Amino acid sequence: VPEGEGTRLAGAQAVAYAVHRADDEPQRAQLERFGQVMSAVWEKMPDTEDGAVRVVENLAQVPDPSLSEKALGANLARLAGMAGADAHAMVTLAVREDGTIDDETAENVVAAVLGGTVNEAEGARLPRIAVRDGSEDGAAGESARVLLVNGGFTVVETRAADGEISGSEVRYSSEPFRRTAVEVARTLGLSDEAAVEGEVPGTADIVVLVGADSDG
1 VPEGEGTRLA GAQAVAYAVH RADDEPQRAQ LERFGQVMSA VWEKMPDTED GAVRVVENLA
61 QVPDPSLSEK ALGANLARLA GMAGADAHAM VTLAVREDGT IDDETAENVV AAVLGGTVNE
121 AEGARLPRIA VRDGSEDGAA GESARVLLVN GGFTVVETRA ADGEISGSEV RYSSEPFRRT
181 AVEVARTLGL SDEAAVEGEV PGTADIVVLV GADSDG
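Have a look at this one:
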């Protein structure tokens, strides 16, 4: 891939530019390149379904797509139409070394896109659970995730806490999720009193704070 601003890249070159990451390169740099390529794709992609499907077929860059070429083309055409009408924007988000975003960034995105927290009609889905690992060895969070998944709970994400947590607890966002929070606490071997109402990530209904008191 040639160096320099304003360089035109063929399909394979664009893919390489977007996904390659050097050994000593932070994840953020690779994600920024990916965003640059996707912005260029929306500008050039036809906004008609037939045209977008032909582009997908000609690129042949998705050997095992989760969507059919027709469905993928239809989605790309809609995005291209929004980009052409200035109704679509891409923003670079600051990420951690492992490529994830912190809770504050996630909540800002939810607020900007949806105008608040992620909500669905109560009873239409299972409560979403996030896990924050603040244990001393940083491994107890994964153990908690496995226990919850095996217990039939919906764990949407697991990652390290911003700092060490002394005591484990289960926080729920509002009263409708209290019963589930108590069940989560019991599943993790915590007392019912460990379930308390409090602040949770905007992408979850319940957050498990795994503390240094956990034996993993």
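Using full-length UniProt numbering, read the sequence shown as starting at 1 and increasing by one per residue.
Where a beta carbon is used, it is the ideal one built from N, C-alpha and C, also for glycine.
Just so you know, these numbers come straight off a predicted model, no measurement behind them.
Query, Result
"Mind checking residue 207: buried by the 16 CB within 10 Å criterion, or exposed?", "buried"
"I'd like the span of the alpha helix (DSSP H) that includes residue 32, first residue to last.", "27-44"
"Along the beta strand (DSSP E) that carries residue 209, what are the first and last residues, could you check?", "206-210"
"Hey, residue 203 and residue 130: beta-carbon distance below 8 Å or not?", "yes"
"Determine the direct distance from the alpha carbon of residue 191 to that of residue 147, and round the result to whole angstroms.", "16 Å"
"Please determine if the segment 49-60 and the segment 77-86 are in contact, where contact requires at least 3 C-beta pairs separated by less than 8 Å.", "yes"
"Would you tell me roughly how many angstroms separate the C-alpha atoms of residue 66 and residue 72, rounded to the nearest one?", "9 Å"
"Let me confirm a value: residue 6 is counted as buried when at least 16 other C-beta atoms fall within 10 Å, else exposed. Which label applies?", "exposed"
"Do residue 196 and residue 171 come within 8 Å of each other at the CB atom, strictly closer than that value?", "yes"
"What residue range does the alpha helix (DSSP H) around residue 180 cover?", "178-187"
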